[in-house]
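Worksheet: the structure to be examined is printed underneath.
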Ligand SMILES: NC(=O)c1ccc[n+]([C@@H]2O[C@H](COP(=O)([O-])OP(=O)(O)OC[C@H]3O[C@@H](n4cnc5c(N)ncnc54)[C@H](O)[C@@H]3O)[C@@H](O)[C@H]2O)c1
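In this note's numbering, the protein residues as written are 34 to 295.
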């Protein structure tokens, strides 16, 4: 498929996991990708992977939760690729599982800056350029944890719920401009962020039970989230705006449930 031919794209948090898989998928579909990450080695490795497959990508190492840096990311994409059509804001920090009564405002501010403010800044600076150009797609990574408790730290879940609201509000703020804003809500996906979950299960010998509460009975893979991102980046989603897409093996469709053998 070449749905993204000619698309000038930014992906943040692209040095690993879902962001890396999306950089590869976007480039496979013809996009030019500005790979943004915090760690130079990881970020450059993603660029090498994309180029090894014949794709077009450049690395930018920066903290994508800081206002001046997000403005610079947009400027760099325009300078390097001649414009900006897609901004996939994908960074996050998981927060900590400190008991609620002991949590601090500093921790919440940190989670908010990385998980929510980064998305606001993406909407602000990508939106500024895209409204002037007459269109574009902004994609935010939320989480299944945004919908209910117990799928992540409290600050993380609350921050991702804020991302959901931002998605709807920004889509409406850009009404009539051709700029679309949508969010992806992944379920459990095997990445650097969830490595401890998988490692814990491995140590307990319960790896085969990962995802057992999920209708699909398994965890997801980064490329399965990247496939949704590619759809939202492409003109295949030209009438899709302000929506929250769960890509979670069905887990958000169900209450906790122990299945009796069929
Ligand atoms: N893995 C899951 O199960 C899961 C589930 C739901 C949602 N998500 C979301 O998916 C997104 C991607 O996470 P992932 O699972 O691929 O994990 P990951 O840790 O592999 O990727 C996150 C990347 O973001 C980078 N990053 C973090 N803060 C940054 C900053 N301030 N500036 C620049 N880069 C920064 C990290 O270095 C890392 O490369 C996140 O928004 C996460 O909340 C993941």
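Backbone N, C-alpha and C define an ideal beta-carbon position, used for all residues, glycine too. Note that the structure is a prediction, hence the values are computed from the model and not measured.
For the 8 Å CB-CB criterion, residue 34 and residue 62 form a contact. Cβ neighbours of residue 88 within its own chain (closer than 6 Å, five residues either side excluded): 60. Between the C-alpha atoms of residue 140 and residue 149 there is a straight-line separation of about 14 Å.
A check of alpha carbon separations from residue 70 across 267, 137 and 122 identifies 122 as the nearest.
Take residue 65, set aside five residues on each side of it, and the residues of its chain with a beta-carbon closer than 6 Å to its own are 41, 89 and 114, in chain order. About 26 Å separates the beta carbons of residue 75 and residue 116, which is beyond the 8 Å limit, so they are not a contact pair. Taking C-beta atoms as the reference points, residue 238 and residue 167 fail to come closer than 8 Å. Annotation for residue 98 indicates a beta carbon within 7 Å of some heavy atom of ligand 1. Excluding five sequence positions before and after residue 259, the CB atoms of its chain that fall closer than 6 Å to its own CB belong to 54, 55 and 58, given in chain order. For residue 117, the Cβ stays outside the 7 Å cut-off from all heavy atoms of ligand 1. Between the alpha carbons of residue 191 and residue 281 lies a distance of about 18 Å.
In this structure, DSSP gives residue 229 a helical state, which the three-state scheme calls helix.
Residue state for residue 286 is assigned as helix, using DSSP reduced to three classes.
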